[in-house]
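Undergrad: Residue numbers (the working numbering), protein chains in the order written: chain A, 1 to 600; chain B, 1 to 600. Where is the CB? At the ideal position from N, CA and C, for every residue including glycine.
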């Protein structure tokens with residue numbers, strides 16, 4: 001058996017970041033190997049919630065149906081504060097939804113079940129995880145670093161005792177490597193990347209149980225801020241809820257070492273602490289504790305996210321934070337979602353190696369925002385509540401204010417990448433409400449030919465292609481249609497981005513997905529009047545109108561701020577983020593945008 | 001190998017009626033055998049459309065997700081009539097939706113793909129179709145007919161030449177037999193059941209193709225009524241459309257026999273006829289004709305639908321009609337859906353044999369309505385259009401009027417079963433807009449505990465249990481809550497239908513699905529204040545309110561006409577039809593309803 005092999009991408013670690021990247025690469029036909037030092041798949045896992053943007057991301061890979069089927073939806077957030085008679089009282093309930101989200105609710109489902117969705121998708125593309133294998137060294141071939149087609153990274157692997165081939169050693173030559181190997185990442189350490197940040201003083205316990213209680217909001221995401229300590233309730237599948245329970249140092253810290261010692265805590269003790277905070281509501285002892293843990297929060301971000309644009313780290317390997325904000329699995333999945341299409345472009349020879357610099361640029365900034373969010377969030381929930389005897393405490397208003405402020409960030413739908421070679425906001429004024437650097441807003445349009453309603457996100461699947469949305473205005477108006485034809489003529493020229501990157505005879509649709517969106521018109525939209533370039537298939541012309549039931553769709557031009565009497569190009573990146581926007585008169589700026597990273 | 005076997009139900013024929021029945025019975029754990037004389041599964045099949053009610057039915061078996069994923073939605077109907085300059089012009093477009101439908105559109109998907117959904121569901125329950133087997137005789141054991149547990153029917157089977165065991169004979173002893181063996185049903189003939197009705201004079205061709213045309217509504221369900229003949233367009237999957245093309249006798253009738261002879265027609269000739277009717281629009285010659293046929297319409301209903309309540313016929317075996325109304329597969333699926341739960345009840349010993357009489361009672365009446373609908377429909381579309389030179393022709397207004405009149409029936413959502421032992425409309429006035437004898441209206445409610453929106457149909461799955469909907473009013477009002485507790489006390493008595501049919505220790509939920517629907521209240525609904533009987537699980541209390549996004553739900557008490565200051569029982573049959581309704585004060589009428597067919 002050969003002890004040396006060659007792959008496009010070696011992924012180390014099969015947690016959420018690893019399997020998301022593997023799913024994306026395998027579906028794009030990239031040659032991938034995935035290893036994990038664990039000897040079995042995860043049983044349950046720490047992570048519990050999928051945020052709205054993550055659901056959109058899974059949708060873009062065709063994986064949201066199963067996620068929605070298996071998970072529990074969280075629609076309402078409830079807030080409890082100290083009452084006048086001691087104990088707690090409900091101070092408020094607020095819809096737990098991000099305003100622009102297509103799936104405007106969190107989905108509770110254990111990490112193992114979410115990973116299984118990815119693993120099955122990988123399997124459908126012939127890819128499985130090799131378990132019980134650990135990396136032992138990683139080296140770069142300096143001479144090859146500038147050649148994107150070269151296998152410039154060499155990783156040696158050791159088959160562990162629990163593998164079918166214990167003791168075996170092998171060498172993998174990879175073009176690229178992803179370290180998705182968790183908070184104690186071997187890859188990160190091997191690259192000498194440091195984690196910057198602090199350990200907090202806040203200690204929490206977490207416990208999964210089927211609750212027996214008269215607490216009215218036990219099936220809502222509830223925040224209990226009591227004088228006995230704080231609790232967060234996350235409902236989940238199989239009638240369970242997860243309780244995050246604030247602990248004090250003396251509960252779990254070993255005074256001799258100053259470190260958290262899980263042995264000082266038991267599920268019963270954890271329940272006893274929770275029961276105090278639930279008063280006057282009764283939380284009965286749980287018959288069956290499915291899972292529990294104790295943790296102290298470390299809030300850190302890696303100093304680098306890549307080495308030579310050849311080895312990358314993602315997920316917990318590059319950021320650690322509190323689980324209560326429900327971001328861990330989401331941050332991991334979105335790290336890989338950001339990276340995967342860039343790897344595909346470089347491996348296919350579509351883009352320069354420089355495109356891979358955007359991963360660290362975009363995701364390190366995100367990770368820092370995440371830590372700042374988590375700090376504010378954790379401080380609020382760990383702080384003493386405001387009462388008559390403690391006027392300086394955190395009030396209900398403080399919590400609701402933070403809840404609202406962070407809703408866009410926490411849900412993921414408000415995440416914004418800064419201007420760069422890959423995010424060009426020069427013509428933002430063409431569509432002031434369609435923010436360049438944010439993900440394309442979900443919006444229902446009606447298919448011009450058959451009046452079927454579709455969300456634009458259904459046309460923005462993660463297939464590694466840039467999408468070109470042509471907002472064509474009212475094409476039943478002759479003058480407007482002429483403008484659209486003029487634009488098509490320009491984009492048919494060999495210098496245009498739609499032609500420049502194609503080989504002879506190659507179809508535009510092999511690299512780009514063109515969709516035309518017309519304004520609402522009287523009568524049927526004259527799709528056949530559009531230039532052929534803008535209607536590659538009869539399904540690719542949409543109209544900004546309501547569906548026949550008048551239930552959904554319409555108003556997008558106004559909502560986005562796009563003029564109906566101009567033609568406007570909206571370029572959406574393969575990860576669903578708006579890359580740039582330009583009016584027809586400035587189509588050359590779109591050529592420049594692509595010239596910044598695409599290879600002719 | 002034994003040549004004699006015993007099954008609960010033998011199903012003869014694996015078309016839509018057969019596999020629907022097999023799916024329902026297999027999911028209920030009934031011992032089923034399915035045979036078909038064909039030697040392979042269907043390639044494409046004649047049937048093309050699933051009507052809105054059929055989609056609801058598939059949903060109730062957990063099968064609608066796949067149907068929706070694989071099919072094409074038809075939202076708009078377009079109408080073309082003779083124009084002033086010769087040729088046709090668009091006279092109207094109308095939403096092609098049934099007002100109360102949960103899925104308010106037709107779904108186009110070929111019959112083989114629809115059957116595959118059922119076949120895979122059967123397979124998951126360990127049931128497959130035995131191909132290349134035909135029945136040769138059927139006999140009844142008269143002495144056993146009154147014993148529901150007896151195998152009272154003997155069917156001999158012959159393994160055909162194409163089977164793995166050609167020439168083999170066997171005997172199947174069945175409690176019940178379903179003849180789902182098509183228009184030329186062997187079962188029907190063996191039972192001596194006649195088909196009553198006529199052959200029409202209307203001759204049509206049908207052809208599937210990927211169209212190349214400038215006809216604007218080629219992706220909508222279009223009715224073309226031209227002086228050159230009528231056409232109906234049904235868009236379908238894989239970019240195809242089906243054209244139904246009106247033919248004249250001389251096109252296809254053999255003058256020597258007076259019978260339709262398919263050999264007199266070719267796809268090219270069919271296209272030539274269609275091209276004339278499309279003018280002034282150009283329908284180009286098709287490169288690839290996927291499927292085509294020619295037919296003359298017979299409109300007939302079987303004189304009986306069962307023999308001794310032991311052998312039943314369903315689908316084309318008991319009604320034949322024009323395919324253009326898009327009802328064939330739908331009628332077949334709904335025949336079996338009506339029958340299956342009744343078989344389950346009798347086989348489990350839950351109900352008397354008499355329950356099976358309701359199959360013919362309900363479905364024969366439906367079939368007659370279907371023929372009447374089809375006659376009107378076919379006459380209209382086969383008649384000459386009204387023009388200046390032919391004032392007596394059918395006008396656009398005639399067609400639209402018929403379209404509207406029959407929308408409820410054609411979509412299936414307006415189907416009404418008459419009063420009987422199984423449909424008791426005595427207290428219709430308690431909920432005047434929730435029609436007893438029609439399927440329960442879809443309606444979104446909010447789950448009281450966690451604010452998740454659910455359609456009531458999600459609580460009415462086809463699991464063979466009657467559903468008991470307790471409309472409990474505003475239970476945060478003490479007086480109202482007292483009424484609800486009073487009702488629960490009555491229903492806890494041993495004489496109550498909820499207790500009377502249970503064995504010792506058996507749970508109410510094993511035979512009935514109880515769901516409580518409260519009126520909207522200020523603040524959280526006090527679910528825990530409800531009697532335990534009315535909240536068997538925390539998920540089973542719903543509220544008549546909008547979801548947190550204010551996008552769906554609410555207003556059901558008003559819509560149905562149910563009083564908020566009374567308690568009202570709505571009994572939904574296992575097939576989703578409202579069986580009876582009663583006010584709390586007349587709960588004894590519900591006891592009487594069940595006593596009419598249930599076995600204590």
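#1: Jot down the residue ranges of each uninterrupted alpha helix (DSSP H) in the stretch 486-568 of chain B, minimum 4 residues, whole runs only, in chain order.
#2: Thinking just about the alpha-carbon of each residue, which of A/64, A/33, A/413, A/191 is nearest to the one in residue 304 of chain A?
#3: Which residue's Cα is closest to the Cα of residue 84 of chain A: A/254, A/294, A/177, A/279?
#4: How far does the beta strand (DSSP E) with residue 198 of chain A in it reach, from first residue to last?
#5: Does DSSP put residue 161 of chain A in a helix, in a strand, or in coil?
#6: What residues in the stretch 215-230 of chain B have a beta carbon less than 8 Å from any beta carbon of chain A?
#7: Could you check whether the Cβ of residue 159 of chain B sits closer than 8 Å to any Cβ belonging to chain A?
#8: Whole angstroms are fine: how far does the CA of residue 152 of chain A sit from the CA of residue 141 of chain A?
#9: Near residue 545 of chain B, what residues of its chain come up, given a Cβ to Cβ distance below 7 Å and the 5 sequence neighbours on each side ignored?
#10: Closest Cβ-Cβ distance between residue 92 of chain A and chain B: below 8 Å?
#11: From residue 450 of chain A to residue 459 of chain B, what does the alpha carbon distance come to, in whole angstroms?
#12: Taking buried to mean at least 16 other C-beta atoms within 10 Å of its own C-beta, is residue 184 of chain A buried or exposed?
#13: With residue 364 of chain A and residue 301 of chain A assumed to form a contact (beta carbons below 8 Å), what rounded beta-carbon distance in angstroms separates them?
#14: On a CA-only basis, which of A/318, A/240, A/57, A/204 is nearest residue 179 of chain A? Give me that one, please.
#15: Under the assumption that residue 587 of chain B contacts residue 491 of chain B (Cβ atoms under 8 Å), give the Cβ distance between them as a whole number of angstroms.
#16: Okay, do the stretch 248-255 of chain A and the stretch 55-72 of chain A touch, 3+ Cβ pairs below 8 Å being the bar?
#17: Would you say residue 286 of chain B lies against chain A (beta-carbon separation less than 8 Å)?
#18: Under 7 Å Cβ to Cβ from residue 239 of chain B, same chain only, skipping five residues before and after it: list those, please.
#19: Enumerate in chain order the residues of its own chain whose CB-to-CB distance from residue 54 of chain A is below 7 Å, with the five nearest sequence positions on each side excluded.
#20: Closest Cβ-Cβ distance between residue 409 of chain A and chain B: below 8 Å?
#21: Are the C-beta atoms of residue 449 of chain A and some chain B residue less than 8 Å apart?
#22: Among A/181, A/549, A/532, A/396, which one has its Cα closest to the Cα of residue 387 of chain A?
#23: On a CA-only basis, which of A/502, A/512, A/455 is nearest residue 466 of chain A? Give me that one, please.
#24: What does a CB cutoff of less than 7 Å around residue 598 of chain B pick up in its chain, not counting 5 residues either side in sequence?
#25: Kindly indicate the opening and closing residues of the beta strand (DSSP E) around residue 232 of chain B.
#26: List the residues of chain B whose Cβ lies closer than 8 Å to the Cβ of residue 76 of chain A, in chain order.
#27: Kindly indicate the opening and closing residues of the beta strand (DSSP E) around residue 401 of chain A.
#28: Determine contact between the stretch 416-426 of chain B and the stretch 578-585 of chain B, defined as no fewer than three beta-carbon pairs at a distance below 8 Å.
#29: Do we get a CB-CB distance below 8 Å when we pair residue 598 of chain B with the residues of chain A?
#30: Under the three-state reduction of DSSP, which class applies to residue 307 of chain B: helix, strand or coil?
#31: Since residue 242 of chain A and residue 206 of chain A are thought to touch, with beta carbons under 8 Å apart, how far apart are those beta carbons, to the nearest angstrom?
#32: With a cut-off of 8 Å on the beta carbons, I'd call residue 245 of chain A and residue 291 of chain A a contact; round off their distance for me.
#33: Taking contact to mean at least 3 C-beta pairs separated by less than 8 Å, is the stretch 476-496 of chain B in contact with the stretch 523-531 of chain B?
#34: Could you tell me whether any Cβ in chain A is nearer than 8 Å to the Cβ of residue 58 of chain B?
#35: Using only alpha-carbon positions, find the residue among B/320, B/309, B/168 that is nearest to residue 174 of chain B.
#36: Determine, for residue 661 of chain B, whether the minimum Cβ-Cβ distance to residues of chain A falls below 8 Å.
TA: With the given structure in hand:
#1: The qualifying runs are 497-500, 556-560.
#2: A/191
#3: A/279
#4: 195-209
#5: coil
#6: Listed by position along the chain: 216, 217, 218, 219, 220.
#7: no
#8: Going by the C-alpha atoms only, they are around 5 Å apart.
#9: 446, 520, 553, 554
#10: Not one chain B Cβ lies under 8 Å of residue 92 of chain A.
#11: 32 Å
#12: exposed
#13: 7 Å
#14: A/318
#15: 7 Å
#16: no
#17: no
#18: 210
#19: Excluding sequence neighbours, residue 54 of chain A sits near 330, 333, 334, 412.
#20: no
#21: yes
#22: A/396
#23: A/512
#24: 350, 351, 501
#25: 229-235
#26: 450, 451, 548
#27: Unbroken run through residue 401 of chain A is the alpha helix (DSSP H), 396-405; no beta strand (DSSP E).
#28: yes
#29: no
#30: strand
#31: 6 Å
#32: In fact, because the Cβ distance is near 14 Å, the residues do not count as touching under 8 Å.
#33: yes
#34: Contact with chain A is absent for residue 58 of chain B, since none of that chain's Cβ atoms lies less than 8 Å from the residue's Cβ.
#35: B/309
#36: Nothing can be reported for residue 661 of chain B: it is not among the residues displayed for chain B, which extend from 1 to 600.
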